[in-house]
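Trainee: Structure below; questions to follow.
Protein chains in written order, with the UniProt record's numbering: chain R, 1 to 143; chain Z, 1 to 143.
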């Protein structure tokens with residue numbers, strides 16, 4: 001999760017909503033990414049999406065069976081969909097998203113009729129990341 | 001929708017699940033794409049995702065405000081999420097997906113607590129596309 005937070009800081013520095021994600025398999029880091037929606041001019045440029053795309057490329061497989069994903073902020077509907085499409089095994093979340101969270105906060109779509117793959121979801125609040133995200137939005141509001 | 005079906009045929013020829021998508025703004029085609037999950041080795045390589053990414057690139061905007069999306073098959077959770085992220089105005093669907101459809105069949109996530117943007121969804125069954133998709137899966141089963 002610390003590595004995912006370091007990714008989020010890269011997004012922060014670019015003025016992007018700071019979210020970071022890391023794909024891990026058997027203890028090895030496969031890919032990492034941060035939110036680059038504005039930088040890449042891509043509505044789908046969320047950290048999880050980019051980390052998954054890069055992991056697929058690296059492992060030369062469009063299924064990431066046996067891989068885990070660490071993400072600083074609870075995934076939205078799009079990212080959770082990609083996580084299921086990629087067949088991620090375990091998802092570790094650093095902070096809940098009460099606005100768009102599709103795994104715990106608003107809905108639990110991986111446990112819904114839309115799910116076709118068993119995904120384990122783990123949540124432990126990261127106080128460091130919470131401070132970072134709150135600071136980002138505070139700075140944004142004061143601009 | 002005919003253009004989206006022609007895109008789906010390109011996927012069919014590559015052995016990909018045949019789905020096609022077209023982004024339109026003010027009567028002008030902005031982007032088109034077909035499902036390339038296997039070809040691009042990308043779990044998120046669905047037609048809608050690629051069409052949205054290309055449209056963002058072309059319009060140099062990560063928001064596709066005022067754009068419509070035509071897609072042959074009802075979007076899944078991931079693609080509907082991207083459609084909402086991109087602020088697509090109208091979504092036109094050519095066939096329902098009873099397994100993974102997140103807009104009509106299984107759930108209507110654009111009308112759920114997860115939605116933060118008003119999306120209009122229109123559905124009219126395309127018999128041509130239905131035949132194409134059924135034929136694809138029939139051939140696949142016989143392989």
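A virtual CB, placed ideally from N, CA and C, is assigned to each residue, including glycine.
Please report whether the beta-carbon of residue 102 of chain Z lies at a distance below 8 angstroms from any beta-carbon of chain R.
Mentor: Yes, residue 102 of chain Z counts as interfacial toward chain R.
Trainee: Enumerate in chain order the residues of its own chain whose CB-to-CB distance from residue 4 of chain R is below 7 angstroms, with the five nearest sequence positions on each side excluded.
Mentor: Taken in chain order, the residues that qualify are 20, 21, 22, 70, 71, 72, 94.
Trainee: Out of R/11, R/12, R/25, R/37, which one is the CA nearest neighbour of residue 89 of chain R?
Mentor: Nearest of R/11, R/12, R/25, R/37 to residue 89 of chain R, Cα basis: R/25.
Trainee: Taking Cβ to Cβ, would you say residue 87 of chain R is nearer than 8 angstroms to residue 63 of chain R?
Mentor: A contact, by the Cβ cut-off of 8 angstroms.
Trainee: Going along the chain, which unbroken runs of the alpha helix (DSSP H) with 4 or more residues stay wholly within the UniProt domain "CMP/dCMP-type deaminase" (1 to 122) of chain R?
Mentor: For the UniProt domain "CMP/dCMP-type deaminase" (1 to 122) of chain R, whole alpha helix (DSSP H) runs of length 4 or above, ordered along the chain, are 2 to 13, 47 to 59, 77 to 85.
Trainee: Of the choices R/46, R/76, R/84, whose alpha-carbon is the least far from that of residue 102 of chain R?
Mentor: The residue with the shortest Cα to Cα distance from residue 102 of chain R is R/76.
Trainee: Assuming residue 45 of chain Z and residue 78 of chain R are in contact, meaning their beta carbons sit under 8 angstroms apart, how far apart are those beta carbons, in whole angstroms?
Mentor: The pair is not a contact, with the Cβ atoms about 14 angstroms apart (cut-off 8 angstroms).
Trainee: Which residues in the same chain as residue 110 of chain R place their Cβ atom closer than 7 angstroms to its Cβ, once the five residues preceding and following it in sequence are excluded?
Mentor: For residue 110 of chain R, where only same-chain residues beyond five positions count, the Cβ hits under 7 angstroms are 80, 84, 103, 119, 121.
Trainee: Using a Cβ cut-off of 9 angstroms, pull out every chain R residue sitting near residue 144 of chain Z, in sequence order please.
Mentor: This structure cannot speak to residue 144 of chain Z, because chain Z is shown only from 1 to 143.
Trainee: When the Cα atoms are used, what is the spatial distance from residue 152 of chain Z to residue 68 of chain R?
Mentor: As shown, chain Z starts at 1 and ends at 143. That puts residue 152 of chain Z outside it, with no answer to give.
Trainee: With distances taken between CB atoms, is the gap from residue 33 of chain Z to residue 56 of chain R smaller than 8 angstroms?
Mentor: Their beta carbons are not under 8 angstroms apart, which means residue 33 of chain Z does not touch residue 56 of chain R by this criterion.
Trainee: Nearest-angstrom Cα distance between residue 124 of chain R and residue 112 of chain Z?
Mentor: Going from the Cα of residue 124 of chain R to the Cα of residue 112 of chain Z covers about 26 angstroms.
Trainee: Taking residue 49 of chain Z as the query, report the chain R residues whose CB atoms sit under 8 angstroms from its CB, ordered along the chain.
Mentor: Result: 44.
Trainee: For the alpha helix (DSSP H) containing residue 127 of chain R, name the first residue and the last one.
Mentor: 127 to 141 is the span of the alpha helix (DSSP H), which, as asked, contains residue 127 of chain R.
Trainee: Which one of Z/17, Z/30, Z/27 has the shortest CA to CA distance from residue 37 of chain Z?
Mentor: Cα-wise, what sits closest to residue 37 of chain Z is Z/17.
Trainee: Does the beta carbon of residue 57 of chain R sit closer than 8 angstroms to a beta carbon anywhere in chain Z?
Mentor: It does: the Cβ of residue 57 of chain R has a partner Cβ on chain Z nearer than 8 angstroms.
Trainee: When the Cα of residue 115 of chain Z is compared with those of R/99, R/130, R/114, which residue comes out closest?
Mentor: That would be R/99, whose Cα lies nearest to the Cα of residue 115 of chain Z.
Trainee: Residues of chain B with a CB under 9 angstroms from the CB of residue 60 of chain Z: which are they?
Mentor: Protein chains in the displayed structure are R and Z, and chain B is not among them.
Trainee: For a contact meaning CB atoms closer than 9 angstroms, what does residue 52 of chain Z contact in chain R?
Mentor: Neighbours of residue 52 of chain Z on chain R, chain order: 42, 43, 44.
Trainee: Against residue 82 of chain R, what residues of chain Z qualify as contacts under a CB-to-CB distance less than 8 angstroms, listed in chain order?
Mentor: Neighbours of residue 82 of chain R on chain Z, chain order: 43, 44, 78.
Trainee: Is residue 38 of chain Z close to chain R? Criterion is C-beta to C-beta, closer than 8 angstroms.
Mentor: For residue 38 of chain Z, the answer is yes, since a Cβ of chain R falls inside 8 angstroms of its Cβ.
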